[in-house]
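Here the structure comes first, spelled out in structure tokens, and everything after it is commentary.
Numbering (UniProt numbering), first residue to last: 1 to 216.
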């Protein structure tokens, strides 16, 4: 099976049906979670900025800071605008010092051609994630999130994601949170639709938390 590009909800829905056929253990998970909505963000530097800004923040906080960040840069973030922005302006938008360093380092690396985001889009998912980790402050989790949300790569899978680990441990009754290595091993059965499975597990995590009355 060739990895599909998750361009829209219709493509995602077809891939989701294929995933359930690929591994029927996920059918009861889908019964709890429902059919997930496809998550997409803009590709390129702007999308990567959004992923970095959202790290360790609530959805509401991330949206507010992203809006102020875009306003501070005069519109959709570009490498040139980022490199020209004064640190004080970025701080005023709500960015922490570590995130300013990360975004500035990424912008500089892209400007110098250390990584080509357009070329990354043509690589196999795991190889693309490895290349992206050459960017300052970008680990595998951030790289996989970018590939999945910004490029629609159906096989990108952030096995280091805590919510996915918790969801897997619960869904497959593992007696606790699944380890990152364990999650990665289980996800091998879902290639080339691991990213679709990630959407399902995130939806399952949210549904279970809602049933327990806990914040998702």
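Idealized CB from N, CA, C, for every residue including glycine.
Let me make sure I understand the geometry here. Which of 19, 35 and 13 has the alpha-carbon closest to that of residue 207?
Translated into positions along the chain shown, residue 207 becomes position 207. For the residues 19, 35 and 13, the minimum Cα distance to residue 207 belongs to 35.
Could you give the distance in angstroms between the alpha-carbon of residue 92 and the alpha-carbon of residue 51?
Taking the chain shown and counting its residues from 1, one reaches residue 92 at position 92. Taking the chain shown and counting its residues from 1, one reaches residue 51 at position 51. Cα to Cα, the separation comes out at about 19 Å.
Contact the stretch 68-78 vs the stretch 31-48: 3+ CB pairs below 8 Å:
yes
If you drop the 5 nearest sequence neighbours on each side, which residues of the same chain put their C-beta closer than 7 Å to that of residue 23?
Residue mapping note: residue 23 aligns to position 23 of the chain shown, counting from 1. So the qualifying residues of the chain are 189 and 190.
Residue range of the alpha helix (DSSP H) that residue 99 falls in?
Taking the first residue of the chain shown as 1, we reach residue 99 at position 99. Where residue 99 is concerned, the enclosing alpha helix (DSSP H) stretches over 97-111.
Any beta-carbon of chain C closer than 8 Å to the one on residue 54?
In the displayed structure, chain C is absent; only one protein chain is listed.
What is the DSSP secondary structure of residue 177, counted as helix, strand or coil?
Stepping through the chain shown from its first residue, residue 177 is reached at position 177. Of the three classes helix, strand and coil, the one that applies to residue 177 here is coil, per DSSP.
Inter-residue spacing [alpha-carbon to alpha-carbon] between residue 171 and residue 186:
By 1-based counting over the chain shown, the position of residue 171 is 171. By 1-based counting over the chain shown, the position of residue 186 is 186. Between residue 171 and residue 186, the C-alpha separation is close to 12 Å.
How about residue 200 and residue 26: are their beta carbons less than 8 Å apart?
Taking the chain shown and counting its residues from 1, one reaches residue 200 at position 200. Taking the chain shown and counting its residues from 1, one reaches residue 26 at position 26. Cβ atoms of residue 200 and residue 26: closer than 8 Å.
On the DSSP bridge assignment, give the partners of residue 5 in chain order.
On the chain shown, residue 5 is found 5 positions in, with the first residue counted as 1. According to DSSP, residue 5 bridges with 153.
Three-state secondary structure (DSSP) at residue 199?
As a first step, residue 199 must be located in the chain shown, where it is residue number 199. The answer is helix: DSSP assigns residue 199 an H, G or I state.
For residue 4, count the other beta carbons within 10 Å of its own beta carbon; 16 or more makes it buried, fewer makes it exposed. Which is it?
The residue given as residue 4 occupies position 4 in the chain shown. Buried: at least 16 other Cβ atoms inside 10 Å.
Pairwise C-alpha distance: residue 10 and residue 205
As a position in the chain shown, residue 205 is number 205, starting the count at 1. As a position in the chain shown, residue 10 is number 10, starting the count at 1. Cα to Cα, the separation comes out at about 23 Å.
Pairing CB atoms from the stretch 151-163 with CB atoms from the stretch 125-136, are three or more of them under 8 Å?
yes
Express the C-alpha separation of residue 87 and residue 15 in angstroms, rounding to a whole number.
Walking along the chain shown from the start, residue 15 turns up at place 15. Walking along the chain shown from the start, residue 87 turns up at place 87. Looking at the two C-alpha atoms, the distance is approximately 43 Å.
Starting from residue 89, trace the alpha helix (DSSP H) both ways and give me its first and last residue.
As a first step, residue 89 is located in the chain shown; it is residue number 89 there, counting from the start. 87-92 is the span of the alpha helix (DSSP H), which, as asked, contains residue 89.
Neighbour-count burial assignment, residue 59, 16 or more Cβ in a 10 Å radius
The residue you call residue 59 lines up with position 59 of the chain shown. It counts as exposed.
If you drop the 5 nearest sequence neighbours on each side, which residues of the same chain put their C-beta closer than 6 Å to that of residue 53?
Taking the chain shown and counting its residues from 1, the one referred to as residue 53 is at position 53. Taken in chain order, the residues that qualify are 62, 65 and 66.
Of the listed residues 138, 209, 55 and 142, nearest to residue 166 (C-alpha basis)
In the chain shown, counting from the first residue as 1, residue 166 sits at position 166. Among 138, 209, 55 and 142, the Cα nearest to that of residue 166 is on 209.
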